[in-house]
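A.B. asks: The structure under discussion is supplied below as structure tokens; questions concerning it will follow.
Number of protein chains: 2
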Amino acid sequence: MTEELPPSGNEVDAITDAVLTASRLLVGVSAKSVAAVAGPISLPQFRLLVALSSRGPLKLVSLAELLGVNPSTATRTVDRLVGAGWAERNSNPESRREITVGLTGSGRDLVDRVTEYRRREIAAIVQRMPAHRREGLVEALQAFTEAGAEPPARTSPYDAGLTQWD
Amino acid sequence: MTEELPPSGNEVDAITDAVLTASRLLVGVSAKSVAAVAGPISLPQFRLLVALSSRGPLKLVSLAELLGVNPSTATRTVDRLVGAGWAERNSNPESRREITVGLTGSGRDLVDRVTEYRRREIAAIVQRMPAHRREGLVEALQAFTEAGAEPPARTSPYDAGLTQWD
DNA sequence: ATCCACCGTTGCATTATGCAAATCTTGCAC
DNA sequence: GTGCAAGATTTGCATAATGCAACGGTGGAT
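This is how it looks when you write it as structure tokens:
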């Protein structure tokens, strides 16, 4: 924080702060979007819906792994989502020991509305940026991301800006 | 607007994806740092410690507000942190209806170790970036942040990359 | 002196979470 | 084909996180 750091400490700090601040902004947008559109659903539940939306129907274990939670947690969250009519369990004819969890029409609809809202919010911010700086953003972030050896941003549960921490 | 279409849909999408991917990377770093250093503490609890670390002792209501949770949640989280020896309640001589919550030595130590770890991880990533792109990152992110009318990155609970959502 | 707003806590209900055990299914070895 | 190990899902149990509502203490304004 405020202690002395190695040589390039100042530059690294500047980048760290810049990224974290931007991240914070995005987090706010995401939370606002869910609250505005999805009303009475918890974040963990919505996160599960987003996972299903981006990956299609999944068996329970895969879903739990993707979300980084215990299978028992996933089971019970699915229970609640099924109860609310947003998700459904389907038995797998291939293997009776597995089930697949998928979105219902209204579940898909919910995710779509939140996503749409969020994209509009972000677009509004981006459009307030001086045009010449937008290009720099994408390039620099890609460089940052590549340096972190992180896979490219395909649509994923993180796409809603909703991970379990941060 | 200066452009005709909300057109830059592709550009906006590209930026959105880039930022979200970078954010995801950061989130991973944060979670890894807490897990690596802090062992048996939950993320909400750690987040509270970070808040105290950056803002100094706070009264309970301010703390709850800063974290975006109900005062009752803050009360009980503080209970647990006090029990674990990381935080302490102090009566305020000025006003007997308020208390202040602060870090203990070991609480401060915990936060410092995690922060140090996280900074090193980020620094390692930044140092793998081509130097000429680092400057672009800071500038572009600042433009993005300003466009979002978000306050500058002062040290805050978010500094640990730990908000309640995202 | 009274009233009222604010503070922290507690009771209650629900959700989130992990670990461990139980149940059922599958695949494979023999 | 029997039996067993491994896998998938669920359930039991315990604890944490969370919000709302209510309560008792405090302090300021009138």
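Protein chains in written order, with the UniProt record's numbering: chain A, 1 to 166; chain B, 1 to 166. Just so you know, even glycine gets a beta-carbon here, dropped at the ideal spot from N, CA and C.
Could you check which residue in A:ARG96, A:GLY102, A:SER95 has the C-alpha nearest to that of ALA74 of chain A?
C.D. replies: Taking the first residue of the first sequence as position 1, residue 74 of chain A is located at position 74. Closest option to ALA74 of chain A, Cα to Cα, is A:GLY102.
A.B. asks: Roughly how many angstroms separate the alpha carbons of ARG119 of chain B and ALA18 of chain B, rounded to a whole number?
C.D. replies: What you label residue 119 of chain B is simply residue 119 of the second sequence in a count that begins at 1. What you label residue 18 of chain B is simply residue 18 of the second sequence in a count that begins at 1. One C-alpha to the other measures close to 21 Å.
A.B. asks: Quick check for students: name the residue ranges of the alpha helix (DSSP H) that lie wholly in the UniProt domain "HTH marR-type" (12 to 146) of chain B, counting only runs of 4 or more.
C.D. replies: 43 to 55, 60 to 67, 71 to 84, 105 to 127
A.B. asks: When you compare only the Cα positions, how much space is there between SER42 of chain A and VAL114 of chain A?
C.D. replies: Here residue 42 of chain A is taken as the residue at index 42 of the first sequence, counted from 1. Here residue 114 of chain A is taken as the residue at index 114 of the first sequence, counted from 1. The alpha-carbon atoms of SER42 of chain A and VAL114 of chain A are separated by roughly 13 Å.
A.B. asks: If contact means a Cβ-Cβ distance below 8 Å, which residues of the region 122 to 142 of chain B contact chain A?
C.D. replies: ILE122, ALA123, ILE125, VAL126, GLN127, ARG128, MET129, PRO130, ARG133, ARG134, GLY136, LEU137, VAL138, GLU139, ALA140, LEU141, GLN142
A.B. asks: Among the residues of its own chain, which have a CB less than 6 Å from the CB of VAL61 of chain A, if the five just before and after it don't count?
C.D. replies: Residue numbering aside, residue 61 of chain A sits at position 61 when the first sequence is read from its first letter. So the list reads PRO71, once near-sequence residues are dropped.
A.B. asks: Who are the neighbours of GLU11 of chain B on chain A, taking C-beta pairs under 7 Å?
C.D. replies: One-based indexing of the second sequence puts residue 11 of chain B at position 11. Neighbours of GLU11 of chain B on chain A, chain order: ARG134.
A.B. asks: Count the other C-beta atoms from every protein chain shown that fall within 10 angstroms of the C-beta of ARG134 of chain B, then say buried if there are 16 or more, exposed otherwise.
C.D. replies: On the second sequence, position 134 is the one that residue 134 of chain B refers to. Answer is buried; the Cβ neighbour count reaches 16.
A.B. asks: Just to check my reading of the structure: LEU48 of chain B and THR77 of chain B have Cβ atoms closer than 8 Å, yes? What is that Cβ distance to the nearest angstrom?
C.D. replies: Position 48 of the second sequence, counting from 1, holds the residue named residue 48 of chain B. Position 77 of the second sequence, counting from 1, holds the residue named residue 77 of chain B. Right, the Cβ-Cβ distance comes to about 5 Å (below 8 Å), so this counts as a contact.
A.B. asks: Kindly say whether ARG113 of chain A, judged by its beta-carbon, lies nearer than 9 Å to any beta-carbon of chain B.
C.D. replies: Position 113 of the first sequence holds residue 113 of chain A. False, the Cβ-Cβ gap to chain B never drops below 9 Å.
A.B. asks: I'd like to know if ARG119 of chain B contacts chain A, where contact means its C-beta is closer than 9 Å to some C-beta of that chain.
C.D. replies: Taking the second sequence and counting its residues from 1, one reaches residue 119 of chain B at position 119. Under the 9 Å criterion on CB atoms, ARG119 of chain B is classed as interfacial with respect to chain A.
A.B. asks: Alpha carbon to alpha carbon, how far is GLN127 of chain B from ALA131 of chain A? Give it in angstroms, no decimals.
C.D. replies: Position 131 of the first sequence, counted from the start, is the residue given in the question as residue 131 of chain A. Position 127 of the second sequence, counted from the start, is the residue given in the question as residue 127 of chain B. Those two C-alpha atoms are separated by around 27 Å.
A.B. asks: Please confirm whether ILE15 of chain A has its beta-carbon closer than 9 Å to some beta-carbon of chain B.
C.D. replies: Residue mapping note: residue 15 of chain A aligns to position 15 of the first sequence, counting from 1. Taking Cβ atoms only, chain B reaches closer than 9 Å to ILE15 of chain A, which makes this a yes.
A.B. asks: Can you have a look at ALA160 of chain A and say buried or exposed, based on whether 16 or more other CB atoms are within 10 angstroms of its CB?
C.D. replies: Along the first sequence, one-based indexing puts residue 160 of chain A at 160. With a pLDDT of 48 at ALA160 of chain A, under the threshold of 50, the predicted position of this residue should be treated as unreliable, though the coordinate-derived value follows. Around the beta carbon of ALA160 of chain A, a 10 Å sphere encloses 16 or more other beta carbons of the protein chains shown; the residue is thus reported as buried.
A.B. asks: Hey, would you say THR104 of chain B sits closer than 9 Å to GLU116 of chain B, going by beta carbons?
C.D. replies: For the purposes of this step, residue 104 of chain B is taken as the residue at position 104 of the second sequence. For the purposes of this step, residue 116 of chain B is taken as the residue at position 116 of the second sequence. With respect to the 9 Å criterion, THR104 of chain B and GLU116 of chain B are not classified as neighbours on the basis of their beta carbons.
A.B. asks: Ignore the nearest five residues each way along the sequence and tell me which others in GLY85 of chain A's own chain have a CB closer than 7 Å to its CB.
C.D. replies: Here residue 85 of chain A corresponds to residue number 85 of the first sequence, with the count starting at 1. For GLY85 of chain A, where only same-chain residues beyond five positions count, the Cβ hits under 7 Å are THR104, SER106.
A.B. asks: Does GLY148 of chain B come within less than 9 Å of chain A when only Cβ atoms are used?
C.D. replies: Along the second sequence, read from residue 1 onward, the residue named residue 148 of chain B stands at position 148. At least one chain A Cβ lies under 9 Å of GLY148 of chain B.
A.B. asks: Do ALA35 of chain B and SER23 of chain A have their beta-carbon atoms positioned less than 9 Å apart in this structure?
C.D. replies: Taking the first residue of the first sequence as position 1, residue 23 of chain A is located at position 23. Taking the first residue of the second sequence as position 1, residue 35 of chain B is located at position 35. Contact: no.
A.B. asks: If you draw a straight line from the C-alpha of PRO40 of chain B to the C-alpha of LEU66 of chain B, how long is it?
C.D. replies: Mapped onto the second sequence, residue 40 of chain B falls at position 40. Mapped onto the second sequence, residue 66 of chain B falls at position 66. Cα to Cα, the separation comes out at about 24 Å.
A.B. asks: Quick one: using the 10 Å Cβ neighbour count with 16 as the cut-off for buried, is ALA14 of chain A buried or exposed?
C.D. replies: Within the first sequence, residue 14 of chain A is the residue found at index 14, counting from 1. Counting Cβ neighbours within 10 Å, ALA14 of chain A comes out buried, since at least 16 surround it.
A.B. asks: Taking the C-alpha atoms as reference points, what is the distance between LEU110 of chain A and VAL37 of chain A?
C.D. replies: Taking the first residue of the first sequence as 1, we reach residue 110 of chain A at position 110. Taking the first residue of the first sequence as 1, we reach residue 37 of chain A at position 37. Cα to Cα, the separation comes out at about 8 Å.
A.B. asks: When the Cα of ILE99 of chain B is compared with those of B:LEU63, B:LEU26, B:PHE46, which residue comes out closest?
C.D. replies: Stepping through the second sequence from its first residue, residue 99 of chain B is reached at position 99. From the listed residues B:LEU63, B:LEU26, B:PHE46, the smallest Cα separation to ILE99 of chain B is found for B:LEU63.
A.B. asks: For ILE125 of chain A, tell me which candidate among B:VAL50, B:PHE144, B:ILE122 has the shortest Cα-Cα distance.
C.D. replies: Here residue 125 of chain A refers to the residue found at position 125 of the first sequence. The residue with the shortest Cα to Cα distance from ILE125 of chain A is B:PHE144.
A.B. asks: How many angstroms separate the CA atom of VAL69 of chain B from the CA atom of PRO44 of chain B?
C.D. replies: Taking the second sequence and counting its residues from 1, one reaches residue 69 of chain B at position 69. Taking the second sequence and counting its residues from 1, one reaches residue 44 of chain B at position 44. If I take the Cα positions, the gap works out to 10 Å.
A.B. asks: Under 9 Å between C-beta atoms, does VAL37 of chain B make it to chain A?
C.D. replies: Taking the second sequence and counting its residues from 1, the one referred to as residue 37 of chain B is at position 37. No - not a single Cβ of chain A is within 9 Å of the one on VAL37 of chain B.
A.B. asks: At a CB distance below 7 Å, what residues from the region 69 to 84 of chain A approach chain B? Give them in sequence order.
C.D. replies: Taking 7 Å as the Cβ-Cβ cut-off against chain B, none of the residues of the region 69 to 84 of chain A qualify.
A.B. asks: Please name the residue, chosen from B:LEU25, B:SER33, B:ASN10, that lies closest to ASP112 of chain B on a Cα-to-Cα basis.
C.D. replies: Stepping through the second sequence from its first residue, residue 112 of chain B is reached at position 112. It is B:SER33.
A.B. asks: Rounded to whole angstroms, how far is the Cβ of VAL12 of chain A from the Cβ of ALA123 of chain B, which I believe are closer than 8 Å?
C.D. replies: The residue you call residue 12 of chain A lines up with position 12 of the first sequence. The residue you call residue 123 of chain B lines up with position 123 of the second sequence. Contact holds; Cβ gap of about 5 Å.
A.B. asks: Are the Cβ atoms of GLY136 of chain A and GLU139 of chain B separated by less than 9 Å?
C.D. replies: Along the first sequence, read from residue 1 onward, the residue named residue 136 of chain A stands at position 136. Along the second sequence, read from residue 1 onward, the residue named residue 139 of chain B stands at position 139. Yes, these two residues count as a Cβ contact at 9 Å.
A.B. asks: Can you give the beta carbon distance from LEU20 of chain A to LEU26 of chain B, rounded, assuming they're within the 8 Å contact cut?
C.D. replies: Here residue 20 of chain A corresponds to residue number 20 of the first sequence, with the count starting at 1. Here residue 26 of chain B corresponds to residue number 26 of the second sequence, with the count starting at 1. That belief holds up - the Cβ atoms of LEU20 of chain A and LEU26 of chain B are roughly 7 Å apart, short of 8 Å.
A.B. asks: Which value, in whole angstroms, describes the spacing of the CA atoms of THR16 of chain A and SER54 of chain B?
C.D. replies: Your numbering for residue 16 of chain A matches position 16 in the first sequence. Your numbering for residue 54 of chain B matches position 54 in the second sequence. Between THR16 of chain A and SER54 of chain B, the C-alpha separation is close to 16 Å.
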